[in-house]
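Undergrad: Residue numbers (my numbering): 171 to 723.
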Amino acid sequence: MGSVLAGVLQLLALIGALALVHAPAGGYMAEVYSSRRHLRVERWTYRAIGADPDTEMRWPAYLRGVLAFSVAGVLFLYLLQRLQGMLPGSLGFSPVNPAQSFNTAVSFVTNTNWQSYYGEQTMGHVVQTAGLAVQNFVSAAVGMAVAVALVRGFARSRSGELGNFWADLVRGTLRILLPGAVIGALVLVACGAIQNFSGIHEVGQFMGGNQQWNGGAVASQEAIKELGTNGGGYFNANSAHPFENPTPFTNLFEIFLILVIPFSLTRTFGLMVGSVRQGYAILAAMAAIWLGFTALMTAAEFSHHGPALQAAGGALEGKEVRFGVGGSALFAVSTTLTSTGAVDSFHSSYTGLGGGVAMLGMMLGEIAPGGTGSGLYGMLIMAVIAVFLAGLMVGRTPEYLGKKIGAREMKLAACYILVTPALVLVLTAASLALPTPPHSMLNPGAHGFSEVLYAFTSAANNNGSAFAGLNANTDWFNTTTGLAMLLGRFLPMVFVLALAGSLAAQRPVPESAGTLRTGKPLFAGLLVGAILIVTGLTYFPALALGPLAEGLS
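1) Out of Thr399, Met549, Gln180, Met199, which has the shortest C-alpha to C-alpha gap to Leu453?
2) Taking the alpha-carbon positions, what's the Lys690 to Val446 distance?
3) Taking the alpha-carbon positions, what's the Glu569 to Ala469 distance?
4) Can you give me the C-alpha to C-alpha distance between Ala310 and Asn400, rounded to a whole angstrom?
5) In whole angstroms, give me the CA-to-CA distance for Gly462 and Gly721.
6) Thinking C-alpha only, which one of Phe335, Ser498, Leu713, Ser390 is nearest Tyr232?
7) Can you tell me where the alpha helix (DSSP H) with Glu490 in it begins and where it stops?
8) Here's the rule: buried if 16 or more other CB atoms are within 10 angstroms of the residue's CB, otherwise exposed. What is Pro349?
9) Can you list, in chain order, the residues of its chain whose CB lies under 7 Å from that of Val211, leaving out five sequence neighbours each side?
10) Could you give the distance in angstroms between the alpha-carbon of Glu755 and the alpha-carbon of Val388?
11) Using only CA atoms, which one of Met580, Gly615, Thr627, Val495 lies nearest to Gly535?
12) Measure the alpha-carbon distance for Ile394 versus Asn421 and round it to whole angstroms.
13) Check whether the Cβ atoms of Gly196 and Ser434 sit closer than 7 Å, and answer yes or no.
14) Okay, do the segment 519-537 and the segment 296-316 touch, 3+ Cβ pairs below 8 Å being the bar?
15) What is the DSSP secondary structure of Glu226, reduced to helix, strand or coil?
16) Let me know the secondary structure DSSP gives Leu332 once reduced to three states.
17) Mapping DSSP to helix, strand and coil, what is Leu640?
18) Ends of the alpha helix (DSSP H) at Ser204?
19) Are Ala528 and Thr506 close, meaning C-beta to C-beta below 7 Å?
20) Are the segment 260-270 and the segment 282-301 touching by the rule of at least three beta carbon pairs closer than 8 Å?
21) Roughly how many whole angstroms lie between the Cα atoms of Val589 and Ala360?
22) According to DSSP, simplified to helix, strand and coil, what is Met611?
23) Return the residue from the list Val241, Glu331, Gln251, Trp214 that minimises the CA-CA distance to Gln676.
24) Could you give the first and the last residue of the continuous alpha helix (DSSP H) run that contains Cys585?
25) Identify, in the order they occur along the chain, each residue of the same chain with its Cβ nearer than 8 Å to the Cβ of Glu487, setting aside the five sequence neighbours on each side.
26) Between Phe423, Phe419, Trp383, which has its C-alpha nearest Ala407's C-alpha?
27) Do the segment 246-258 and the segment 616-633 touch if we need at least three Cβ pairs shorter than 8 Å?
28) Can you name the start and end residues of the alpha helix (DSSP H) that Asn648 belongs to?
29) In this structure, what does DSSP give as the bridge partners for His371?
30) By the three-class DSSP mapping on this structure, what secondary structure does Glu414 have?
31) Using 8 Å for Cβ pairs, my map puts Pro680 next to Thr542. What's the rounded Cβ distance?
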């Protein structure tokens, strides 16, 4: 079987699996977030944290819950790393230094999972499981809670109430992410991923020195890192490591885990607003961008320029031969179009245009389908902008799902789409203008520029993957990427929740002959166009200096 055909068959199998679970998974999540019943374990949790799950919150109270919980998570994870030497199961590793502890704590709490360290040489079992793996669950649940709050903003009227953050957080964790991760971990263990708490083992000589491996609760962390679109690897090689991703089947299964919740949330959205067709329109826009990027990436990596690529059948440098070009390209697109950050190949070794496709996927805001929760609310913000543009074209007050899109709503949406590009471009420019940060670049010229641009694009968009040619374990990059992750996660959430509160307080607008039919294919096309024009072109000059210059040289 040819490598191109193998890649196509993998893509078709993945689409079939996602289509099969879309309706039941989306319906189940809608039921979870709409239910008034509390499970016994949930009631125990609410009692322990002192929360009343039945109290409705307006957007400021909902936001305070998000921020308070996240600040507590950063402090806990920071202290856990600083005290690692005193913890059992530390494998003899010393405490993590302050700058890296801050960066890692912020990274996992913001669902970024950017790692400027070697996982198997830095973190012991307790930090990995009680710290990093726990944040993989709750950071994903926070994103889903914010998305559901925005959906309620569209669904409710004349109340301003968005639900209860603590109830949404606990339900998302216990009813959705935990069962899914258990099933995912069992599949991975059955296929060869490791799951233990063993120590460090000598496994023989390698290039004149002793080679060591340590075990860990890898399968369980791998499952939630993909299902929650987190991305942090137990090992430095991430999902290219055979302990994390043993076979081509597990590679495809992990891509499925990455995409299943973000794509299924469109069904949840449609059910909660009372129109499944609205969910299908959002799904169509997401799927069109994802398929388009997959085709672009695959074409770029299969391009046969030069005798080495012709002999190998594609750009195989930096890719696992177990997965091939097709499987690696599919994984790369799926991680960079979501906020996952897991990698099964070396993105710095991709062709110039292939690396540009990966970067552009993050620059669009990771909304096709995006992260768990963040993809849906990012796409809904772009839908608000799309209906505003349509309203300007026909001279009508823009409306979406029976809610008027006025000056306040547009200001909030505009702030949302401007925050992340500002962080990426300003911090990239500062890193290249100052004398010391460029020393971290492994390569000169356009590729070196791409390394820095990719790092801040990944951090500010809460992706977490790296171009891998940049030494990011310095005080400058640990601090600046940490700030980019914090601001890139929580400033957009402020605007999302403020928009949700504004929409929930409105009276519904009755549909008329002039209302834009947002459940139609025409609107899905308009939405894709708005995303590519409004968001994509923001970064075009930076892309021209990096991956485009490299790819066309």
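Note that CB positions come from ideal geometry on N, CA and C, so glycine has one too.
Everything numeric in this text was worked out from a predicted model, so none of it was measured.
TA: Reading off the structure:
1) Met549
2) 11 Å
3) 39 Å
4) 7 Å
5) 19 Å
6) Phe335
7) Per DSSP, Glu490 belongs to no alpha helix (DSSP H) and is neither H nor E.
8) exposed
9) Leu344
10) For the chain, the structure presents residues 171 to 723; residue 755 sits outside this window and is missing.
11) Thr627
12) 15 Å
13) yes
14) no
15) coil
16) coil
17) strand
18) 173-204
19) yes
20) yes
21) 43 Å
22) strand
23) Glu331
24) 577-603
25) Phe516, Ser519
26) Trp383
27) no
28) 645-674
29) Trp383
30) coil
31) Contact doesn't hold; Cβ gap of about 34 Å is too wide.
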